[in-house]
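Residue numbers for the sequence shown follow our numbering, so the first one is 340 and each next one is one higher.
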Amino acid sequence: MSLRKPAVVVNFKTYPEASGKGALEIARVCEQVASETGASIVIAPPMMDLALVASSVKIPVMAQHLDSVPSGATTGHVTVENAKASGAVGTLINHSERRLKIAEIHELIDRSRSAGLASIVCTNNIAVSRACAAMEPDFVAIEPPELIGGDVSVTTANPKIVSDTVQSIRAISMSVGVLCGAGVKNGRDVAKALELGTNGVLLASGVVKAKDKRAVLLDLVSGLRT
Ligand code: G3P
Numbered sequence: 340m341s342l343r344k345p346a347v348v349v350n351f352k353t354y355p356e357a358s359g360k361g362a363l364e365i366a367r368v369c370e371q372v373a374s375e376t377g378a379s380i381v382i383a384p385p386m387m388d389l390a391l392v393a394s395s396v397k398i399p400v401m402a403q404h405l406d407s408v409p410s411g412a413t414t415g416h417v418t419v420e421n422a423k424a425s426g427a428v429g430t431l432i433n434h435s436e437r438r439l440k441i442a443e444i445h446e447l448i449d450r451s452r453s454a455g456l457a458s459i460v461c462t463n464n465i466a467v468s469r470a471c472a473a474m475e476p477d478f479v480a481i482e483p484p485e486l487i488g489g490d491v492s493v494t495t496a497n498p499k500i501v502s503d504t505v506q507s508i509r510a511i512s513m514s515v516g517v518l519c520g521a522g523v524k525n526g527r528d529v530a531k532a533l534e535l536g537t538n539g540v541l542l543a544s545g546v547v548k549a550k551d552k553r554a555v556l557l558d559l560v561s562g563l564r565t
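Right under this line is the structure:
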């Protein structure tokens, strides 16, 4: 499964307002905006809502995290095969709030690829981005942890880390997509992310915490076209 670029990837995290019925509601707003605008919007609902959301909307739905354990006698874990069976088309890996060891990241990228799932590996700096790009995931998403959940977008607070990440990854692979995230809130941030050489953004609170989610999404995707 390949995700259409440039993309706006919305991670619902475990925010209560984006769980259960809320997850479905936000997913439907994302689907509607994607269909009205033609924009590539990808969503990562809470793990418990993965199957429900994936069976209810036509936009790509991803897992937020998967465990690098075998399928079968591994109670309480979520495997690549579980995600695939639930209708997910891919997974985030190594999110700042769910860090993994390098061997686990590698295994998850490989197993996802074999299962036909796309992978977005989150990274915190250029060295980690380079290491992860060498494993050829579909995307690397650079997210400085100190800016996550804040009001200032990484594209404003630290545009250099974004452009340097793009450059470092391009020196390793032309096929790995690059996203940036942390504090992304509006279409200007998205446009700036593309200007810095990325293939889109990964964000959470800007959508999940917004009163008018449709208006925010329309503004965000307007940045994909400028
Ligand atoms: O996964 C997206 C994320 O960590 C950024 O969160 O709330 O700063 O958009 P936020």
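Note that the Cβ used here is the ideal one computed from N, Cα and C, for glycine as well.
Rounded to whole angstroms, the separation of the alpha carbons of C519 and C369 is 19 Å. In this structure, the C-beta of N350 approaches the ligand G3P to less than 6 Å from one of its heavy atoms. Put simply, the backbone Cα of E420 is about 38 Å away from that of T495. In the structure shown, N421 adopts helical secondary structure according to DSSP, grouped into three states.
With a cut-off of 8 Å on Cβ pairs, the region 421 to 441 is in contact with the region 461 to 469, counting three or more such pairs. By the Cβ test, the region 474 to 481 is in contact with the region 508 to 528, since at least three Cβ pairs between them sit closer than 8 Å. Cβ-Cβ separation between A362 and P385: approximately 6 Å, consistent with a contact (criterion under 8 Å). For V479, same chain residues with a beta-carbon under 7 Å away, outside a window of 5 residues either side, are V460, T462, S468, C471, A472, I508, V515 and V517 in chain order. A554 sits exposed, since fewer than 16 C-beta atoms from the chains shown fall within 10 Å of its C-beta.
Runs of alpha helix (DSSP H) with 4 or more residues, each lying fully within the region 359 to 395, are found at 360 to 376 and 389 to 393, listed in chain order.
The C-beta separation of L556 from V546 comes to about 6 Å, placing the pair in contact by the 8 Å criterion. Rounded to whole angstroms, the gap between the alpha carbons of R564 and G411 is 45 Å. In its chain, beyond the 5 residues on either side, V400, S425, G426 and A427 have a beta carbon closer than 7 Å to the beta carbon of A393.
Counting only the Cα atoms, D406 lies some 14 Å from L456. Considering only E482, H404 and P483, the residue with the shortest C-alpha distance to L447 is H404. The alpha-carbon of P483 is positioned some 29 Å away from that of G359.
Checking the DSSP bridge columns, you'll see N350 partnered with A383. For the set F351, S492, A530 and A390, the Cα lying nearest the Cα of K552 is the one of F351.
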